[in-house]
Every structure is written in C-alpha cells, then in structure tokens.
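Protein sequences appear in the order of chains V and A. Counting with this note's numbering, you get residues 1 to 90 for the letters of the first sequence. Counting with this note's numbering, you get residues 1 to 247 for the letters of the second sequence. Positions of the beta carbon are idealized from the N, C-alpha and C atoms, including for glycine.
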Amino acid sequence: MVLYSTEVEKVIERIKKSEAKLVCLQLPDGMKTYAKEIADKISQETKARVLIWLGSNFGSCDIPLGLSKMRVDLLVSWGHNFYHKKVEGW
Amino acid sequence: MEVMFLDAAYTGKVKLNQATLDYITKKKYRKIGLYASVQFCNQLAEVEEQLHKLKLELVTSQPDRTHVKGQLLGCDNYHNSLNLNQDVDCYLYVGDGRFHPLALVYLQKDNPQLKEVICNDPISNKMTLMGVKDIETILKKYRGSLIKFLSADIIGVISTIKPGQEQLRPSFQLEKKYPGKKFYYFIDNTVSFDNLENFNFIEVWVNTACPRIGFDDQEKFLLGVINLNDALEAKEILSQDSLFNRQ
C-alpha cells in the first residue's frame, strides 16, 4: 500500500506546461523508496530528464542549492508545502 | 528554476483511535490544541467531529512559517511561533513520527508547567504520550551550554546558506547585546558536525540554522550549543520559574 500520495499526474502536467527539460525530484526519507516509480513514470510520459536528489529533505527550508547552475528547470519537493520565512529571526 | 511542493497527503483514513478518545475523556481535558503535520492537516474533519461529539473545545492556529491553519512544523519549537493566543488543557497531534510532536514539548520549556502532548498516529493506529521526560536529558545539557555561553569570551556563530534556514543578519544582534564577547561567524551548506573540533579557539557555539539543531543535536557539539534566540535572552531565560530551570 502506498501510504502517501505522490500526485505524479500533477507533476507530469506541470512539466509539460512549463516544458521543463531537466527535473529534480526531492523526497523525504519516508518516501525515497518511491523514487524509481516516480522517475520511471515521468520519463515515460514526458521528454524531461530526471535527477533524484540523494540528500536530505527536512522541510521546505531545506531545498537543494546550486541546481540552477546545473540548468535544472524544475525541482519537485514532496512532503512539505510553502514555507514562510521570518526574516527577523525565528 | 521553478519549485513545486507537494504535500504527499496520507492516503488512508484520518481519525482518532478509541484509546485517544478514552484517554482525553479520562483526563477530563476540555480545551484541546489540535495540530498535524502537512500529510494529515487537510484531512482533520472526522477528527474534529469525533472531538465535538465529546463536547470538547478545539483550538488551533497557523504557526508563523506554515502555509495552512493547524499545520505544525518541527521548527515550531518556540512558543511564540505557534501564534496560539489562548491556553489549552493539552495538545493533540495527529500524524506519524516523533519529530513534529516533540516541537510541542520543546515550545513549553520556558513555561512553569507542561501541557501534555497526546499523539495519535493514524498509520499505526496507536496513541502515545509525550512530556518532559522525553527532553529532560537534552534540556540539562542545553542549560549547561547556556550558562557556559554567559561566561565564555569567544563564541562561534553558525549560519547555513539554505535560504529557509539562514539567519546571519539577526545573529549580528549578539555583538550589541554582548559587547564584551568576541563572535566569530561560520558559514556552511549544512552544519558539518565533524568540523567543529577543528576550530579549537571556540568556547561554545551559537546555532542560527534550524532551531531543532540546538536541541536534537546537542550531543554532537562537544563544547555545547545554544540557539540564537536563547542566546539573546540568556539571563532572562535562566532567571525565570520554568520547566527548563527545574531540570
């Protein structure tokens, strides 16, 4: 049983709409085993090349840096939603 | 680069188990502070209905950095970040794991009394309780680090470059607050615990990255570490009647 919804169809729609060519998938530890299934589905349904982030995904405060330099067009991060940073400190 | 966040909502049914309902009834709690992690927080309708049937008052809030009401982040470990402006009899957390609900314990460290944290995990269908015992060892060490900070002359301030966590500029307030101390600023991608010992001139560390690092990773800092906001109010924190000072 898949415990958490991956919403791959939503990702595929976004990739097609934005014409992303290089996509990075970032999964929390509890969902890293879903990476193959998600990557395979995206590769089948779109022309995008898929990268899988090996490292941490502690929160939406923890998105990988430097991906733009590698010309990644879209980062898809599971398990978190938009993060409102307090600029004045915690 | 575009970024797309997906909640990864739990695919099963989200409801409280009988053990949780029985426990709340037995303890005669009337006002419940309800929170959940993002995988569960949009599916709490049945939970709310179950609690309303018991004639309980539910309160929640939207913590500072969250996107929806009732969502709890692991970094909500300071009471003011919850934005909850009323008292509750206990907290009820719906979700799996210990990382998130432990924030509800940490955020009470400066209170005189602890409100119990009841965790209902819809995946394992189990209820667990959290309280001071879950953090007492860490709080003891943290208190030692806070005392050490006050007497230290040379302090290492750690910032990370991740945009969500970076708090470099707020950390400059330390110089104004403690003009007699010398602060050295360290920057890293993520905190490299293995490299701390190489900087042997540092007496104690101040963490400005994720505020859970100051607590959960306390043991990885041989010289001790405290979070920035506690450093800025060290004397006040140590002088109040609180759970923290009774450890």
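Excluding sequence positions up to five away, which residues of its chain have a Cβ less than 8 Å from the Cβ of E233 of chain A?
For E233 of chain A, where only same-chain residues beyond five positions count, there are no Cβ hits under 8 Å.
Check whether the Cβ of R49 of chain V lies closer than 8 Å to any Cβ atom in chain A.
It does not: the Cβ of R49 of chain V has no partner Cβ on chain A nearer than 8 Å.
Does P101 of chain A pass the burial test, meaning 16 or more other C-beta atoms within 10 Å, or should it be called exposed?
Per the 10 Å Cβ criterion, buried.
Taking the beta strand (DSSP E) that R49 of chain V belongs to, which residues open and close that run?
Its beta strand (DSSP E) spans residues 49 to 52.
Helix or strand or just coil, what does DSSP make of D34 of chain A?
As written in the sequence, residue 34 of chain A is Leu, which differs from the Asp given in the question. In the structure shown, L34 of chain A sits in a strand (DSSP, three-state: E or B).
Rounded to whole angstroms, what's the CA-CA distance from E328 of chain A to V94 of chain A? Just pull it up for me.
Shown here, chain A extends from 1 to 247; a query on residue 328 of chain A therefore has no answer.
Identify the residues that DSSP records as bridge partners of Q71 of chain A: which are they?
The partner list for Q71 of chain A (beta bridge, DSSP) reads A:A36.
Within its chain, find whatever has a CB closer than 7 Å to the CB of T20 of chain A; leave out the 5 residues flanking it on each side and keep chain order.
Excluding positions up to five away in sequence, the list reads I118, N120, M127.
Is there at least one Cβ from chain V nearer than 8 Å to K162 of chain A's Cβ?
It does; some Cβ of chain V falls within 8 Å.
Do the region 1 to 11 of chain A and the region 69 to 76 of chain V touch if we need at least three Cβ pairs shorter than 8 Å?
At 8 Å Cβ cutoff, the stretches touch.
Verify whether the separation of the beta carbon atoms of D76 of chain A and S242 of chain A is less than 8 Å.
Cβ distance not < 8 Å, so D76 of chain A and S242 of chain A don't count as in contact.
Can you give the Cα-Cα distance for N83 of chain A and A103 of chain A, rounded to whole angstroms?
Roughly 14 Å separates the two Cα atoms.
Can you name the residues of chain A whose CB is closer than 8 Å to the CB of I63 of chain V?
Per Cβ cutoff of 8 Å: V3, K162, P163, G164.
According to the Cβ coordinates, are Y78 of chain A and N229 of chain A closer than 8 Å?
Going by C-beta atoms, Y78 of chain A is nearer than 8 Å to N229 of chain A.
Between which two residues does the beta strand (DSSP E) harbouring L74 of chain V extend?
Element bounds for L74 of chain V: 74 to 78.
Return no unless some Cβ of chain V is closer than 8 Å to the Cβ of I123 of chain A.
Closer than 8 Å: yes.
Using a Cβ cut-off of 7 Å, pull out every chain A residue sitting near E7 of chain V, in sequence order please.
Those within 7 Å of E7 of chain V in chain A are L6.
Helix, strand or coil: how does DSSP classify I24 of chain A here?
In this structure, I24 of chain A counts as helix in the three-state DSSP scheme.
Taking 8 Å as the threshold (C-beta atoms), are K148 of chain A and V204 of chain A in contact?
Taking 8 Å as the Cβ cut-off, V204 of chain A and K148 of chain A qualify as a contacting pair.
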